[in-house]
Each structure stands twice: as C-alpha cells, then as structure tokens.
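Student:
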Amino acid sequence: MMNVYLLRRYLLFVVSLFVNALGIDFITKALLGTSPITSVNYVLSLFTPLTMGQWTIIVNILFLLFELPFMTRESLKEEMRPYIMQIPISLGFGIFIDWAMNMLFWVAPVNLVQQLVYLFIGCCVLAVGIALEMKVNVAMTAGEFFVKTIAQRLSRPFGSVKLGFDVSLVLMACAMSFIFSSTITGVGLGTVVSALLVGPIVHVVSPFYRVLDRWLLSPAA
Numbered sequence: 076m077m078n079v080y081l082l083r084r085y086l087l088f089v090v091s092l093f094v095n096a097l098g099i100d101f102i103t104k105a106l107l108g109t110s111p112i113t114s115v116n117y118v119l120s121l122f123t124p125l126t127m128g129q130w131t132i133i134v135n136i137l138f139l140l141f142e143l144p145f146m147t148r149e150s151l152k153e154e155m156r157p158y159i160m161q162i163p164i165s166l167g168f169g170i171f172i173d174w175a176m177n178m179l180f181w182v183a184p185v186n187l188v189q190q191l192v193y194l195f196i197g198c199c200v201l202a203v204g205i206a207l208e209m210k211v212n213v214a215m216t217a218g219e220f221f222v223k224t225i226a227q228r229l230s231r232p233f234g235s236v237k238l239g240f241d242v243s244l245v246l247m248a249c250a251m252s253f254i255f256s257s258t259i260t261g262v263g264l265g266t267v268v269s270a271l272l273v274g275p276i277v278h279v280v281s282p283f284y285r286v287l288d289r290w291l292l293s294p295a296a
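For my numbering, count along the sequence shown from 1 and bump the result up by 75.
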C-alpha cells in the first residue's frame with residue numbers, strides 16, 4: 076500500500092507535469108520558437124494532422140524504446156518501476172500539453188514586445204514546474220530518463236549529455252521543418268532564450284520549495 080508520504084510526492088509530480096506543459100505552451104504561443112525538448116513535436120504538429128500533445132506522446136514512447144539498447148539486463152531489472160512509469164507519464168504529459176494549449180487560446184501576441192513578454196512568462200512557468208519536479212524527486216519524464224540512461228551507459232555527466240540531446244532535437248526539428256516547408260519554422264529566438272534562461276530561473280525558484288518540506292515529510296497532515 077502506498078504511504079501518504081509517497082502519495083503526496085506523486086500528486087505534486089502530476090502538478091509539476093501540468094505546470095511544465097503550461098510553460099512550454101506559453102513559450103510556443105509566443106511564436107518565437109518552442110523549447111528544445113518539444114521542438115521536434117511542435118514542428119511535426121505544424122505539418123501533420125496530429126497535435127503537439129499527441130506527438131509528445133509518440134516521441135516519448137519512442138524514447139522509451141530507444142533506451143532499451145543502452146540498458147543492461149541488470150539495470151533494467153533495477154529500474155523497472157521508473158521505466159514502466161514513463162508510459163503513464165508520457166500519456167499525461169501529452170494530454171496536459173493539449174489541455175494547456177486550449178486554455179491559452181487568448182494568447183495571441185501582435186508585436187515583438189508581447190512575444191517577448193509571453194516568452195519570459197513561459198520560461199518562468201516552466202522553471203517553476205521543473206523545480207517542483209526536482210523537489211518531489213519520484214519520477215522522470217521520458218526525455219530526462221533517456222538522457223540519464225545514455226549518461227550512465229557512456230559514463231558521461233548528465234549535463235553534458237542533456238546539452239547534446241537538446242541540440243540534437245533542435246537540429247532534427249530544423250531539418251524536418253526544412254524538408255516540409257523549405258524554411259525553418261518552430262525553432263528560433265524563443266528556443267535559444269528558453270534553453271539559456273530556464274536553468275538559472277530554476278536555481279532561483281528551487282529554495283522557495285522548502286516550504287513543502289514539512290508537508291512532504293510529515294506522516295500525516
């Protein structure tokens with residue numbers, strides 16, 4: 076039976092997923108380019124009938140499959156729970172992205188100033204979600220788990236592999252966009268700004284989550 080302590084962490088993880096989705100959608104709606112982690116999904120959604128959320132589910136499930144060659148039988152056995160957990164997490168994240176996109180129907184910037192404002196809001200919201208996800212520390216999204224798996228197999232720092240992973244996704248998105256439309260769509264200033272800005276904001280926001288310590292650690296509240 077799941078204890079109350081763990082249940083609270085999972086509930087907050089679900090909240091963090093939705094906040095992450097909301098931040099990503101704010102960045103996307105700024106029309107300056109989406110975040111690196113969703114760049115491929117967004118570009119595919121522009122040129123196919125599927126939504127960004129649906130492509131997020133598909134791409135994340137592909138990450139799940141691509142992880143297997145990098146995992147030994149022992150590591151798969153040890154991490155079976157977090158590995159399997161990526162399936163419902165991917166489904167939930169994709170659904171949240173589409174929900175949040177519908178919620179933000181009113182976001183329609185008409186000039187560069189408004190675009191930059193929405194981009195900054197999106198970076199802040201995404202950072203708040205990531206910081207909360209790190210705080211509860213009970214699960215990982217498929218992209219993060221994929222990076223972690225490769226980093227462990229290659230004995231490389233997580234940060235270095237994550238940087239290479241993000242750059243690879245952006246390059247793939249650019250290539251796909253060029254193939255579909257002979258121009259670069261969905262990747263731009265917002266992609267670069269979000270990549271550079273979200274991390275520092277996470278470091279600023281993270282200490283404020285100490286207010287959750289008592290509630291998370293208390294056996295009953």
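The beta-carbon is built from N, C-alpha and C at its ideal position, and this holds for glycine as well.
1) With C-beta atoms as the reference, is PRO163 less than 8 Å away from MET215?
2) Is LEU107 helix, strand or coil by DSSP?
3) Residues in its own chain within less than 7 Å of PHE145 by CB, not counting five upstream and five downstream?
4) Which class does PHE180 belong to by DSSP, given the choice of helix, strand or coil?
5) Tell me which same chain residues have a C-beta within less than 6 Å of the C-beta of LEU272, skipping the five on either side of it?
6) Is DSSP giving THR131 helix, strand or coil here?
7) Threshold first: 3 residues or longer. Then list the beta strand (DSSP E) segments lying entirely within the stretch 162-230, N to C.
8) The alpha helix (DSSP H) spanning ILE276 covers which residue range?
Tutor: If we stick to the structure as given:
1) no
2) coil
3) Sequence-distant Cβ neighbours of PHE145 in its own chain, meaning closer than 7 Å and more than five residues away, are THR224, ILE225 and ARG228.
4) coil
5) CYS198
6) helix
7) none
8) 264-280
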